[in-house]
Each structure stands twice: as structure tokens, then as C-alpha cells.
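Student: Protein chains in written order, with the working numbering: chain A, -10 to 194; chain B, -10 to 194.
Even for Gly, the Cβ is constructed at its ideal location relative to N, Cα and C.
If you're wondering where the values come from, they're calculated on a predicted model, not measured in any experiment.
2 protein chains.
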Amino acid sequence: MPTPERTSRDAIVDAGRDLLETQGLEGLRGLTMQAVADRVGVRAPSLYKRVRNRRELVALIADATVRELGARLDAAAAGEPDPRRALAALARAARSFARERPVAFGLVFTPGADLDLDPESLARASAAVIRIAAELAGDDHALDAARTVTAWLNGFVGMELSGAFRLGGDVDRAFEFGIASLTGALTLRRREESGAPLAISVSEH
Amino acid sequence: MPTPERTSRDAIVDAGRDLLETQGLEGLRGLTMQAVADRVGVRAPSLYKRVRNRRELVALIADATVRELGARLDAAAAGEPDPRRALAALARAARSFARERPVAFGLVFTPGADLDLDPESLARASAAVIRIAAELAGDDHALDAARTVTAWLNGFVGMELSGAFRLGGDVDRAFEFGIASLTGALTLRRREESGAPLAISVSEH
DNA sequence: ACCTGAACACCGTTCAAGT
DNA sequence: ACCTGAACACCGTTCAAGT
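(1) To the nearest angstrom, report how far apart Trp141(A) and Phe145(B) are at their CA atoms.
(2) Helix, strand or coil: which one does DSSP assign to Thr(-4)(A)?
(3) I'd like the list of long-range same chain contacts for Ser192(B), defined as Cβ closer than 7 Å, with 5 residues on each side in sequence excluded.
(4) Measure the C-alpha to C-alpha separation of Ala4(B) and Thr176(B) and round it to an integer number of angstroms.
(5) For Arg136(B), would you say it is in contact with chain A, using Cβ-to-Cβ distances shorter than 8 Å as the test?
(6) Which same chain residues, not among the five before or five after Thr205(A), have their C-beta less than 8 Å away from its C-beta?
(7) With a threshold of 8 Å between beta carbons, is Ala140(A) in contact with chain B?
(8) Counting Cβ pairs, one atom from each stretch, are 3 or more of them under 8 Å apart for the stretch 103 to 122 of chain B and the stretch 57 to 68 of chain B?
(9) What residues from chain A crowd round Pro239(B), counting only those whose CB sits closer than 9 Å?
(10) Going by CA-CA distance only, name the one from Asp52(B), Glu57(B) and Arg81(B) that's closest to Ala66(B).
(11) Within 10 angstroms of its Cβ, does Gly68(B) collect 16 or more other Cβ (buried), or is it exposed?
(12) Expressed to the nearest angstrom, what Euclidean distance is found between the alpha-carbon atoms of Pro(-7)(A) and Leu49(A)?
(13) Considering Cα atoms alone, identify which of Asn42(A), Thr21(A) and Arg162(A) is closest to Asp129(B).
(14) Is it the case that the stretch 79 to 98 of chain B contacts the stretch 80 to 94 of chain A, given that we only count it when at least three CB pairs across the two stretches are under 8 Å?
(15) From the DSSP output, in three-state form, read off Phe145(A) for me.
(16) Expressed to the nearest angstrom, what Euclidean distance is found between the alpha-carbon atoms of Ala51(B) and Val29(A)?
(17) Which residues in the same chain have their Cβ closer than 7 Å to the Cβ of Ala131(A), if we skip the five residues on either side of it in sequence?
(18) Which term fits Ala185(B), buried or exposed, when burial requires 16 or more other beta carbons within 10 angstroms of its beta carbon?
(19) Given a cut-off of 8 Å on the beta-carbon distance, is the pair Leu9(B) and Ala93(B) in contact?
(20) Run through DSSP, which three-state label would His194(B) get?
(21) Quick one: list the residues of chain B neighbouring Gly95(A), beta-carbon separation under 9 Å, in chain order.
(22) Rounded to whole angstroms, what's the CA-CA distance from Ala83(A) to Leu58(A)? Just pull it up for me.
(23) Please state if the CB of Val40(A) and the CB of Leu46(A) are separated by a distance shorter than 8 Å.
(24) So Ala163(B) contacts chain A; which residues on that side make the cut at Cβ distance below 8 Å?
(25) Return the first residue and the last residue of the alpha helix (DSSP H) that Pro95(B) is part of.
(26) For Asp133(A), count neighbouring Cβ atoms within 10 angstroms of its own Cβ and tell me buried if that reaches 16, exposed if not.
(27) Let's test the definition: count the other Cβ atoms within 10 Å of the Cβ of Asn143(B) and tell me whether it reaches 16, buried, or not, exposed.
(28) Apart from the five residues on each side of it in sequence, which residues of its chain come closer than 7 Å, Cβ to Cβ, to Glu149(A)?
(29) Hey, Ala169(A) and Ser170(B): beta-carbon distance below 8 Å or not?
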């Protein structure tokens, strides 16, 4: 006689996302299988019917986060036809998202995390940056430009979440300074290309 | 009758650094108190005479890593009088260090890690970037410029360690592209200031 | 004064037994 | 077919007892 399903994979992931954000990944409260089970109303062993193990649960939470981030970035960039304004809007949207879900954002961008995220989710999350980078820097430099922007953006937001900006000053202003600097640098790349070279390239080794 | 000391705080931290790099922070092998104790030749409870708890041990490992990074950055930048070349050398040194100690580097730059690193170690590690940023962008923009460079550099290296550059292309080239772009952008800031404005600033908001 | 075995609480995970 | 209590291995940490 089959017993009825008392929870679902989605409910488990949602509970996990919530717990991650409120209790952290590891701490003494932390994202434990026990805590997730309590939230969804089953005993811990039942979770293993829906999820291979805790590692997979964490990966699913990370994937959901990447998808949501991608949707936000798309929406922010779509509203701005001018690529410079679109880049600024996208960057601000990423920063807002990170402030809403600091722990999940941190998880996704943790260097050694070794979640293997769904390539499709990742592609979706980076599509807008790549498109804008191509518009700003030209097709030849699109990938390099996108990597420069993404690195700066992830780095800035990650440092802000870590409290790494300890020297005072206005962090909002530093963020806008970064946007303006990158926009300027990438735009110049395009100008260089179109025949008006400026002596800005640093000698490489 | 006092028993002789069979280990030291330094030996514990060194063993911890080694284990962290070879076994990872958490995994099944992982940085466990048991594994550290085995390495230094005592039983796990004895570690608590030298270190408050595992959390403190991890923080000490992170601090040692930051100090070593700082020394490397200083050395790399000191060899180059031209600030543009100095910035490039510093960036490459940071990337090399991250490749030598990927796990420790990742730990230090993990967004939610909540190690509270020694402010002195951090100041030492960021001094060279700030000095170079001031030379490139002028004193008024030094802090913003340093934050832009540091964010890009940490972001790039972190993404590289995560395997986040999945779209092919030449990652080395993207790194050099980033160095050149940032150097150009910050240098332009200075030119703008000195009375030769270029229409590169993005409209803010 | 430092070291240790024993013990505790906690956690991820498995599994046989229930329905 | 899903759920559960019981159990296992493992981990961080404490502590009384040894030297």
C-alpha cells in the first residue's frame, strides 16, 4: 500500500534556499538535512528519496540562484537600448540581487565550491553581458570584454559581501566609478579598432 | 611533572595549510582536526591547547595566506618603476599565487567566509595596489581605482579557479586584455582630470 | 604544564521494517 | 511507493585522569 507523497523536490529546494539565507551554509544552525526535513514536514531520511545527498541539494539551490540572477540581469539590460546604460543597469541589478540573497550569491561565486552548475543556467546568466560587451567593444573583443566586466562585477560584489572594503570611502561611488571606467575602457577598444588608436595599451611583459 | 611540548602553533598552522591545499577544506578527506593532529604527531584534543577551535585554525591559515600574498605583490610591484608595468606585474603575481595555492586563495576570497583577517595583514596586501592606483589615476581617484583593480583581479582569478570561463577562448589573453583595459581606463581618469576630457564617462542613472 | 582516552552532541547517510 | 526509527561512521569538542 503506497503512502502518499508528503513533500516534493521543489519544496525541499525552496526550504533549502530559505534556510541557506537565514541560517548560513555551515554554521551551528546551518543548512542541515535535519533542518530541511523539519521545514518540509518529513524525517531526514525521507529527503534521500528526492535528492541524492546534501551536496546535490546545495547544487540545486545554487542552480536556482543562478537562474534567478540570469532573469534579473536580462530584465535589467532589456530596458536600456544604449549599451553603456544597459551595462550600468545590469551591474546594478547584479549588486541588488547579491544584497537580497547574500549567502546564495556567495555560494555561487565561491572559488572552490565545485557545484557543477547546469551549463544552460550559466549560459542564460551570462548572455546579456556578452551581448552588451559585443556592442561596446566590437565582436572581436566581445568575449574578452565580457570576461573583464564579469570578473570586475563578481569581484566587487563578492568583496562587498565579505566586508573587504575596509578603508572607508564611499563604496557606492567606487561601484559607479568601476562601471564608468569599464565602460570607457571597452568603448575605447572599439575606437582603437576603428582606426583612432590611443596609447592606452600597457606593454605586455 | 610537566610533559614536553610535542608540537607548536606554527607547526599546526603549517600542517593545516598543507592539508588544506592537498585535501580541501571540507571534503571527505578534508581539513579535519584529526588529520592535523596526525600530521603534527599528537592526538586531536591536544590541538586545543594551541588553537581555540577549528574555526580559529582556518582563520590562522587564511591570515598566513594573506601575508604571503602581500609579500609576493610587493615584490612584483617593486621591480617596476612604471606604474602601468607595475600594475601588470602585480596582477600576474596574484594570478600565479592563486595557481600555486588555489584552495587557500579561494578560502581567503570566499564571500561569506567570515574569517576575520588581521587588518594589518590586509593593509599590507593592498598597499601596493593602492600606491599604483594613485600613480595611475591621481590621488583623488586612488581608492576608487584601487577598488576597481582589486575587484577585477579577485573576480578574474576566482572565476578562473572555479572553472567559470566555460566559453573557450584564450583565458590568458582575456587576463591581459583586462590588465590593458583597466590600465587604460584609470590613466584616462587622470587625463580627464588634467583638463583633456574624453567622452567616456557613462551617464549615471 | 601538556598529553591522552573516553565520552558527548551532532551530522550525513543507509537500511530493514512498516504502511 | 514512500516514510520512519534505529543504527553507523565521522567529526568537533570537553574533561577528568595521567605524567
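Tutor: According to the structure shown:
(1) Residue mapping note: residue 141(A) aligns to position 152 of the first sequence, counting from 1. Residue mapping note: residue 145(B) aligns to position 156 of the second sequence, counting from 1. Distance between the alpha carbons of Trp141(A) and Phe145(B) is about 7 Å.
(2) In the first sequence, the residue the question calls residue -4(A) occupies position 7. Note: Thr(-4)(A) maps to coil in three-state DSSP.
(3) Here residue 192(B) corresponds to residue number 203 of the second sequence, with the count starting at 1. Note on Ser192(B): pLDDT 35, under 50, position unreliable in the model; the coordinate value appears next. Contacts found: none.
(4) Looking up residue 4(B) in the second sequence gives position 15. Looking up residue 176(B) in the second sequence gives position 187. Taking the straight line joining both Cα atoms gives about 44 Å.
(5) Walking along the second sequence from the start, residue 136(B) turns up at place 147. So, interface residue.
(6) With chain A represented from -10 up to 194, any question about residue 205(A) goes unanswered, as that position is not in the structure.
(7) Numbered from 1 along the first sequence, position 151 holds the residue referred to as residue 140(A). Yes, Ala140(A) lies at the interface with chain B (some Cβ there is under 8 Å from its Cβ).
(8) yes
(9) An answer regarding residue 239(B) cannot be provided, because it is not within the stretch -10 to 194 covered by chain B.
(10) As a first step, residue 66(B) is located in the second sequence; it is residue number 77 there, counting from the start. The option with the nearest alpha carbon to Ala66(B) is Arg81(B).
(11) Taking the second sequence and counting its residues from 1, the one referred to as residue 68(B) is at position 79. Exposed, since its Cβ has fewer than 16 Cβ neighbours within 10 Å.
(12) Position 4 of the first sequence, counting from 1, holds the residue named residue -7(A). Position 60 of the first sequence, counting from 1, holds the residue named residue 49(A). Roughly 24 Å between the two C-alpha positions.
(13) As a working note, residue 129(B) is residue 140 in the second sequence. Of the listed residues, the one whose Cα sits closest to Asp129(B) is Arg162(A).
(14) no
(15) Here residue 145(A) refers to the residue found at position 156 when the first sequence is read from its first residue. Helix at Phe145(A).
(16) In the second sequence, residue 51(B) corresponds to position 62, counting from 1. In the first sequence, residue 29(A) corresponds to position 40, counting from 1. Going from the Cα of Ala51(B) to the Cα of Val29(A) covers about 37 Å.
(17) On the first sequence, residue 131(A) is found 142 positions in, with the first residue counted as 1. Ile119, Ala122 and Ala123.
(18) For the purposes of this step, residue 185(B) is taken as residue 196 along the second sequence, with counting starting at 1. Model confidence at Ala185(B) stands at a pLDDT of 48, short of 50, so the residue's coordinates are unreliable; what they give is reported in the following sentence. Answer is exposed; the Cβ neighbour count stays below 16.
(19) Translated into positions along the second sequence, residue 9(B) becomes position 20. Translated into positions along the second sequence, residue 93(B) becomes position 104. Cβ atoms of Leu9(B) and Ala93(B): closer than 8 Å.
(20) Looking up residue 194(B) in the second sequence gives position 205. Note on His194(B): pLDDT 35, under 50, position unreliable in the model; the coordinate value appears next. Three-state DSSP puts His194(B) in coil, outside helix and strand.
(21) On the first sequence, residue 95(A) is found 106 positions in, with the first residue counted as 1. In chain order: Thr99, Pro100, Gly101 and Ala102.
(22) Numbered from its first residue, the first sequence carries residue 83(A) at position 94. Numbered from its first residue, the first sequence carries residue 58(A) at position 69. Distance between the alpha carbons of Ala83(A) and Leu58(A): 7 Å.
(23) As a first step, residue 46(A) is located in the first sequence; it is residue number 57 there, counting from the start. As a first step, residue 40(A) is located in the first sequence; it is residue number 51 there, counting from the start. Contact flag set, yes.
(24) As a working mapping, residue 163(B) is identified with position 174 in the second sequence. Those are Leu132, Asp133, Arg136 and Thr137, listed as they occur along chain A.
(25) Here residue 95(B) refers to the residue found at position 106 of the second sequence. It should be pointed out that residue 95(B) corresponds to Gly in this sequence rather than to Pro. Pro91 to Val97 is the extent of the alpha helix (DSSP H) around Gly95(B).
(26) As a working mapping, residue 133(A) is identified with position 144 in the first sequence. Buried, since its Cβ has 16 or more Cβ neighbours within 10 Å.
(27) In the second sequence, the residue the question calls residue 143(B) occupies position 154. With 16 or more other Cβ atoms within 10 Å, it is buried.
(28) The residue given as residue 149(A) occupies position 160 in the first sequence. If we look at Glu149(A) and ignore the five residues flanking it on each side, its Cβ neighbours are Val160.
(29) For this step, residue 169(A) is matched to residue 180 along the first sequence. For this step, residue 170(B) is matched to residue 181 along the second sequence. Their beta carbons are not under 8 Å apart, which means Ala169(A) does not touch Ser170(B) by this criterion.
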